[in-house]
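Asker:
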Amino acid sequence: MTITNIISAIGNNSSIYPLLVRDCGIEAPSKIIIARNENMKESKEIANDATREKIIDEYVTSAIWLGGIPAVECIADKFISKKGYNPNVNIKLFKEEKNKSVNNIFQGIEYNINKFKNVNEKDVQDALKDLVKVKENKASFEKLLTKKFFAATIIPTIIMGFVLPKLNFALTAKLRKNKKEQNTLQQIQAPNLLSNKNINFTGNITSTIANLRTVDKMAISDGGLTVGRVSTSRNKDEGYVNAFRMIGSMILNFVTPAYIAKGLDKASNKLFKINVNLDPKILANKNFIEAIKENNFELPKSASARDLFEFIDSKPNTLFSQMAQEMEKVSYLKSGFRDPRKYVDIKDLANFRNEIEKFVNMAKKSNNIEKFAKKAKYIKCANILANVGISSFLLAGVLPKLQYGFNKLVTGSYSDPGLRKE
1 MTITNIISAI GNNSSIYPLL VRDCGIEAPS KIIIARNENM KESKEIANDA
51 TREKIIDEYV TSAIWLGGIP AVECIADKFI SKKGYNPNVN IKLFKEEKNK
101 SVNNIFQGIE YNINKFKNVN EKDVQDALKD LVKVKENKAS FEKLLTKKFF
151 AATIIPTIIM GFVLPKLNFA LTAKLRKNKK EQNTLQQIQA PNLLSNKNIN
201 FTGNITSTIA NLRTVDKMAI SDGGLTVGRV STSRNKDEGY VNAFRMIGSM
251 ILNFVTPAYI AKGLDKASNK LFKINVNLDP KILANKNFIE AIKENNFELP
301 KSASARDLFE FIDSKPNTLF SQMAQEMEKV SYLKSGFRDP RKYVDIKDLA
351 NFRNEIEKFV NMAKKSNNIE KFAKKAKYIK CANILANVGI SSFLLAGVLP
401 KLQYGFNKLV TGSYSDPGLR KE
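Numbering (the numbering used here), first residue to last: 1 to 422.
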C-alpha cells in the first residue's frame, strides 16, 4: 500500500481507519499517560491502579469496538447464507426509486431483475437468483438482517460497557485486597520495621439499519458503551465523570472530524484556488491526469439519475466508472456488468461526478495540469493529516485534561473517583 493510499484510508471518515489511528495510535497512549500523571497528584498507589485500569480499558475496549462489529457480522452473514440468502443483497432495493422529473423508475429490486434478466453471464444470473430469493421471502430476509444488526451492536456493547468494566474493577479490588493482606501479614511478622511507616489501604427501519456503515454502528455501540460505563460506575461521582468523558469522546470521534475536514477543504479551495474535495487516490491516478491532458476524459452527460445509470451500465470500462468503483460508489461483477444486488446512492454518485467535473475544468485552465494535480494531492493529504492531528489532539490531549478538571470540580480531587478510598 502506497503512502497516498494510507492517507486516503485514514482520511475516509466513513470508515474505521481514522478511528483506528486516533484510538489505538494516539488517543490511548496519551490518555494512559495523562491518567497516571493526574492520579500521581494524589498518590503513587492510586496512579498505579489508574494506569493499569486505563491500559486494560483503552486497548481491550478498542479491540472489541473496532473488531467486534465486523466479527459478529461475519458470523451472521454465514448464518444468513446457510438459510439460503445472499447477505450482499441491499434491502434498499425493495423501494423502487423514480426520477421525479420524468417519473420513470431507475433502481429497485423488480426493476433490476427485469433490466438484467437477458444478460447471459453466469455471475449476473447468480446475482438475479439472489434477488429473486430475497424478493419472494422479504419478511424472512428482513428479520435476519434486523437480528444481524442487533447482534452486531448489542453483543460488543454488552462486553465493552458492562462486562469489561466489572472485570476491570474486580481485578483492582482483588489486587488491593491481596496487597492489604500481604501488608497486614508483614506488619504482624515485622512490627518494628514497619512501626514508623504510614501505609494507606484504599421495514423502513430495517432498510435504514441494514444499510448503516460499520462506523455508524460503532457510533451506536459507543452510545451503548456510555450507558454501560455510567451504569457500572463504582460510585456516583465516577458515573458523572464517565458520562462527561464518553459523551465528549462520541462528539470528537464521530462529529468533529467531518466538520474539520470540510473546513480545511473549503479553506484550501479558497486559498489555493484548487478543488481538493476529491480523494488523494483519484488525484494521484496517472491515467486520470493523462486523460485530462489529452482532453479525452469522459463523464456522464449530467448528474441526473438517468444519465448516471446509463453511463455506468453502458460504459463500465471507462475511467470514470472504474474510479467510481474504486471509491465504492458502484460495484461491478467479474463479467463487467454492474452488480444488481448492490444499491447505488445516486446523490453520492452525482456529487462524485460533479466534483470530478470541477477539478477537470480547473485543471484545464492551469498552465501545467500535472503540476496542478500534484499540488492538489499534496494539499489534500496535508488536510487529512491535519484533520487527524487536530482531532487526535482534541481527543488525546484536550478531552482528558477537561475530564480531570471536571473531576476536580465535582469531587475536589484529581484521582479517579472509582479508586478513592472510602
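Virtual Cβ for every residue (Gly too), placed ideally from N, Cα, C.
1. Assuming contact is defined by CB atoms lying nearer than 8 Å, are Asn-373 and Leu-264 in contact in what I supplied?
2. Assuming Pro-340 and Ala-127 are in contact, meaning their beta carbons sit under 8 Å apart, how far apart are those beta carbons, in whole angstroms?
3. Express the C-alpha separation of Phe-297 and Leu-308 in angstroms, rounding to a whole number.
4. Would you identify the three-state DSSP class for Lys-98, choosing helix, strand or coil?
5. What are the residues that DSSP puts in a beta bridge with Gln-107?
6. Measuring only the C-alpha atoms, how far is Trp-65 from Ile-220?
7. Do you know whose CA, among Leu-175, Lys-375, Met-246, lies nearest Ala-396's CA?
8. Can you round the beta-carbon distance between Leu-299 and Phe-320 to whole angstroms, since I take them to be within the 8 Å contact cut?
9. Around the Cβ of Leu-278, are there at least 16 other Cβ atoms within 10 angstroms (buried) or fewer (exposed)?
10. By alpha-carbon positions, which one of Ala-324, Ser-304, Lys-342 ends up nearest to Ile-356?
11. Scan the stretch 297–326 and note each continuous beta strand (DSSP E) run of 3 residues or more that stays entirely inside, going in chain order.
12. Would you please state the rounded distance, in angstroms, between the beta carbons of Ile-105 and Lys-135? I believe it to be under 8 Å.
13. Would you mind stating whether Lys-380 and Val-276 have Cβ atoms separated by less than 8 Å?
14. What's the C-alpha gap between Gly-248 and Lys-293?
15. Excluding five sequence neighbours on each side, which residues of the same chain lie with their C-beta closer than 7 Å to the C-beta of Lys-54?
16. Whole angstroms is fine: what's the gap from Arg-234's alpha carbon to Gly-418's?
17. Should Val-398 be labelled buried (16 or more other beta-carbon atoms within 10 Å of its own) or exposed?
18. Spatial neighbours of Ala-305 within its chain, please: C-beta separation below 6 Å, excluding the five flanking residues on both sides.
19. Helix, strand or coil for Arg-420 per DSSP?
20. What are the residues that DSSP puts in a beta bridge with Arg-338?
21. Can you tell me whether Ala-173 is buried or exposed? The criterion is at least 16 other CB atoms within 10 Å of its CB, across all chains shown.
22. Quick one: measure Cβ to Cβ for Val-132 and Ile-155, integer angstroms, because I've assumed they're closer than 8 Å.
23. Identify the continuous alpha helix (DSSP H) that holds Asn-211 and give its terminal residues.
24. Along the chain, where does the alpha helix (DSSP H) that runs through Phe-385 open and close?
25. Below 8 Å between beta carbons: does that hold for Lys-281 and Glu-326?
26. Beta-carbon within less than 7 Å of Phe-244's beta-carbon, same chain only, minus the 5 sequence neighbours each way: which residues are those?
27. Just to confirm, is the Cβ distance from Asn-90 to Tyr-259 under 8 Å?
28. Output the distance between the C-alpha atoms of Ile-10 and Lys-364, rounded to the nearest integer angstrom.
29. Where does Arg-234 sit, in a helix, a strand or coil, going by DSSP?
30. On a CA-only basis, which of Asp-237, Ala-71, Arg-176 is nearest Ala-428? Give me that one, please.
31. Which whole-angstrom value describes the C-beta separation of Asp-313 and Arg-338, a residue pair presumed to lie in contact below a C-beta threshold of 8 Å?
32. So what does DSSP say about Ser-413, is it helix, strand or coil?
33. By the three-class DSSP mapping on this structure, what secondary structure does Pro-29 have?
34. Do Arg-229 and Asn-242 have their C-beta atoms closer together than 8 Å?
35. Using a threshold of 8 Å, state whether the C-beta atoms of Ile-209 and Thr-146 are closer than that.
36. Report all residues from its chain with a CB closer than 8 Å to the CB of Ser-14; omit the five preceding and five following residues, and keep chain order.
Answerer: Straight from the coordinates:
1. For clarity, residue 373 is Ala in the given sequence; the question names Asn instead. No. Outside cutoff.
2. With a beta-carbon spacing of about 5 Å, Pro-340 and Ala-127 fall inside the 8 Å limit used to define contacts.
3. Separation of Leu-308 and Phe-297 (C-alpha to C-alpha, rounded to the nearest whole angstrom) is 15 Å.
4. Correct three-state label for Lys-98: strand.
5. For Gln-107, which the question treats as bridged, DSSP gives the partners Glu-97.
6. Cα to Cα, the separation comes out at about 11 Å.
7. Selected option, being the one with the closest Cα: Met-246.
8. Yes, they are in contact, since the Cβ atoms of Leu-299 and Phe-320 sit about 6 Å apart, within 8 Å.
9. Buried, since its Cβ has 16 or more Cβ neighbours within 10 Å.
10. When each option's Cα is compared against that of Ile-356, the closest is Ala-324.
11. Those beta strand (DSSP E) runs which fall completely within the stretch 297–326 and span 3+ residues do not exist here.
12. Your pair Ile-105 and Lys-135 does not check out as a contact, with CB atoms roughly 15 Å apart and the cut at 8 Å.
13. Their beta carbons are under 8 Å apart, which means Lys-380 touches Val-276 by this criterion.
14. If you draw a straight line from the Cα of Gly-248 to the Cα of Lys-293, it comes to about 47 Å.
15. In the same chain as Lys-54, and ignoring 5 residues on each side of it, the C-beta atoms closer than 7 Å to its own belong to Lys-31, Ile-32, Ala-35, in chain order.
16. Computed Cα separation, rounded: 5 Å.
17. Exposed, because fewer than 16 other Cβ atoms sit within 10 Å of the Cβ of Val-398.
18. Excluding residues within five positions, the ones whose Cβ falls inside 6 Å are Asn-99, Phe-106, Ile-346.
19. DSSP places Arg-420 in coil when its eight states are reduced to three.
20. DSSP links Arg-338 through a beta bridge to Tyr-332.
21. The residue in question, Ala-173, is exposed, as its Cβ has fewer than 16 Cβ neighbours within 10 Å.
22. No, Val-132 and Ile-155 are not in contact; Cβ-Cβ is about 32 Å, not under 8 Å.
23. Per DSSP, Asn-211 lies in no alpha helix (DSSP H) and is assigned neither H nor E.
24. The sequence shown places Leu at residue 385, rather than the Phe named in the question. Looking at the DSSP string, the run of the alpha helix (DSSP H) that includes Leu-385 is 369–393.
25. Taking 8 Å as the Cβ cut-off, Lys-281 and Glu-326 qualify as a contacting pair.
26. Its chain contains Gln-403, Phe-406 as the residues whose beta carbon lies nearer than 7 Å to that of Phe-244, once the 5 sequence neighbours on both sides are disregarded; these appear in chain order.
27. No, they are not a contact pair.
28. Between Ile-10 and Lys-364, the C-alpha separation is close to 29 Å.
29. Note: Arg-234 maps to coil in three-state DSSP.
30. No statement about residue 428 is possible, as the shown extent of the chain runs from 1 to 422 and does not include it.
31. The beta carbons of Asp-313 and Arg-338 sit about 6 Å from each other, so the pair counts as a contact at 8 Å.
32. DSSP places Ser-413 in the coil class of the three-state scheme, outside both helix and strand.
33. Annotated three-state conformation of Pro-29 is helix, per DSSP.
34. Yes, these two residues count as a Cβ contact at 8 Å.
35. Between Ile-209 and Thr-146, the gap from beta carbon to beta carbon is short of 8 Å.
36. The residues are Arg-213, Val-215.
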